[in-house]
Amino acid sequence: MSPKKRTSSLQASLLPFARNAAMALVALLLVVAGVWASWGTAQHVLLSKGREHGTMTVTGCGEDVCTGRYDPEGAPAPRTDMTIARSVAVQKGARYEVVVKPDTREVVRTGWAGGLHAWLPLAGSLVLAGLVIGGGLRWTRMAWATGTAGGALLVASFLAL
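Residue numbers for the sequence shown follow this note's numbering, so the first one is 868 and each next one is one higher.
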């Protein structure tokens, strides 16, 4: 066998491995980015023990945030300078159970609705990763499982909000 044929044969055998490694890396990067984007809000919902809890009544909304009256549980006095991120789920005049982010004037919804809403970036990344896994890696079962998990999280969040 000539050295030229041996080199092309080696390249041909490494190409599928390199393609699979690249696609696996892209899928992993998508999921990690989804977790990273979700964790900023989800940590306050999941690890809320010891944080300040209360109820917020939305009085007005700007382009990015809504403000309102925050009524904490227990002895502290109500405050009117608290903000919550604006989304389709936040409406003027509505009351929400919230937890205060430490050392800020920002609150996050609690309960199932708040928890599912916090994990929305992960849901989107799972759907996208399912496409990469199915199309790039040709792992159809894993792709369906990943995409279905992301879709279920999206639907559950929609129904909870």
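Built from N, CA and C at the ideal position, the CB exists for glycine as well.
Just to check my reading of the structure: residue i and residue j have Cβ atoms closer than 8 Å, yes? What is that Cβ distance to the nearest angstrom?
i: C928; j: K968; result: The Cβ separation is near 19 Å, so there is no contact.
i: A985; j: A909; result: 4 Å
i: L1028; j: A980; result: 5 Å
i: G982; j: G901; result: With a Cβ gap of about 15 Å, G982 and G901 do not count as contacting.
i: Y963; j: R946; result: Y963 to R946, Cβ: 15 Å. No contact.
i: R936; j: T950; result: Not confirmed; about 12 Å, so no contact.
Looking at the secondary structure, which residues open and close the alpha helix (DSSP H) in which residue i lies?
i: R1008; result: 1007-1027
Beta strand (DSSP E) containing residue i: first to last residue?
i: P943; result: From DSSP, P943 is part of no beta strand (DSSP E); its letter is neither H nor E.
i: V999; result: V999 -> not in any beta strand (DSSP E); alpha helix (DSSP H) instead, spanning 987-999.
Can you name the residues that DSSP bridges to residue i?
i: V967; result: V974
i: A952; result: V932
i: V925; result: G935
i: R962; result: T924
(request) Determine contact between the segment 964-980 and the segment 880-895, defined as no fewer than three beta-carbon pairs at a distance below 8 Å. (result) no
(request) Determine contact between the segment 982-1001 and the segment 891-907, defined as no fewer than three beta-carbon pairs at a distance below 8 Å. (result) yes
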